[in-house]
Amino acid sequence: MAKKKTTSKKEEEPVISVVDRRSAMLEEDEQATFQEERLPSYVERLKQEAQEKDQKLKDYVAAYKEKTAEDDGFRKRLEKDNDVRLDQFKANLFSRLVPILDNLNRALQAVNSNRDFDGLNQGVEMVSKQFSRELKNNDVEVIDTKNRKFNSKTDEIFLTEETDDPKMENMIVQELEPGYIFKDKLIKAAKVKVAHLKT
Numbered sequence: 193m194a195k196k197k198t199t200s201k202k203e204e205e206p207v208i209s210v211v212d213r214r215s216a217m218l219e220e221d222e223q224a225t226f227q228e229e230r231l232p233s234y235v236e237r238l239k240q241e242a243q244e245k246d247q248k249l250k251d252y253v254a255a256y257k258e259k260t261a262e263d264d265g266f267r268k269r270l271e272k273d274n275d276v277r278l279d280q281f282k283a284n285l286f287s288r289l290v291p292i293l294d295n296l297n298r299a300l301q302a303v304n305s306n307r308d309f310d311g312l313n314q315g316v317e318m319v320s321k322q323f324s325r326e327l328k329n330n331d332v333e334v335i336d337t338k339n340r341k342f343n344s345k346t347d348e349i350f351l352t353e354e355t356d357d358p359k360m361e362n363m364i365v366q367e368l369e370p371g372y373i374f375k376d377k378l379i380k381a382a383k384v385k386v387a388h389l390k391t
């Protein structure tokens, strides 16, 4: 019987349960710490991305400046090469013109010393032929104006002449000054006299 009383006493004792709130607070602290750690890492990631993009931008700007410098250098070399070629062309042209000038001066000296106008005429003809030959050798051609109609691309009307013949309308009747073409480019238009119908 005594045993029964003991059992009932144990049953009657209040049961004390201990709730450890420290663990709940610890979990809340861990979550707060985790969130605090997460926010700075997100911000840091954004900062890192911004730095990477800044670096890419700096690389692009540097590459652009380098390319621009290369282009400027190339342009300057090209301009220098063109200047050298132009100077060579001019030197070559002048080396061909100087002998013609020398021949003109000789013709003038002959006239001054001898008063030989026939010699002057002959000398000037020689210079004219020499000059024409140099032009032809360098692809400069005289514009042919014989037996053709006026062409506004190569001719310049200097005078007009009235005619009764309709076939002669806009025909070149006289060349007053020759015109010249260099490789299909007009150097100087031919000055011509053109016929037009009487009105």
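Residue numbering for the sequence shown follows my numbering, beginning at 193 and increasing consecutively. Ideal Cβ positions, reconstructed from N, Cα and C, are used throughout, including at glycine.
- If you look at Lys328, you'll find it in the alpha helix (DSSP H) that goes 309-329.
- Assignment of Phe266 by DSSP, reduced to helix, strand and coil, places it in the helix class.
- If you draw a straight line from the Cα of Asp273 to the Cα of Asp279, it comes to about 10 angstroms.
- Asn362 and Arg277 have their C-alpha atoms roughly 43 angstroms apart.
- Taking all protein chains in view, the Cβ of Val386 is crowded by 16 or more other Cβ atoms within 10 Å, so the residue is classified as buried.
- In this structure, Val384 and Phe350 form a Cβ contact; the two beta carbons are roughly 6 angstroms apart against a cut-off of 8 angstroms.
- Rounded to whole angstroms, the Cβ separation of Val332 and Ile379 is 7 angstroms, and the two are in contact under 8 angstroms.
- Taking a C-beta distance under 8 angstroms as the contact criterion, Lys328 and Asp356 do not qualify as a contact pair.
- Rounded to the nearest whole angstrom, the C-alpha separation of Asn330 and Lys375 is 9 angstroms.
- Per DSSP, the beta-bridge partners of Phe374 are Val332, Lys377.
- For Lys338, the three-state secondary structure derived from DSSP is coil.
- In the three-state reduction of the DSSP assignment, Asp347 falls in the strand class, which pools E and B.
- Taking each of Gln243, Glu354, Glu236, Lys338 in turn and checking the Cα distance to Glu369, the smallest one comes out for Lys338.
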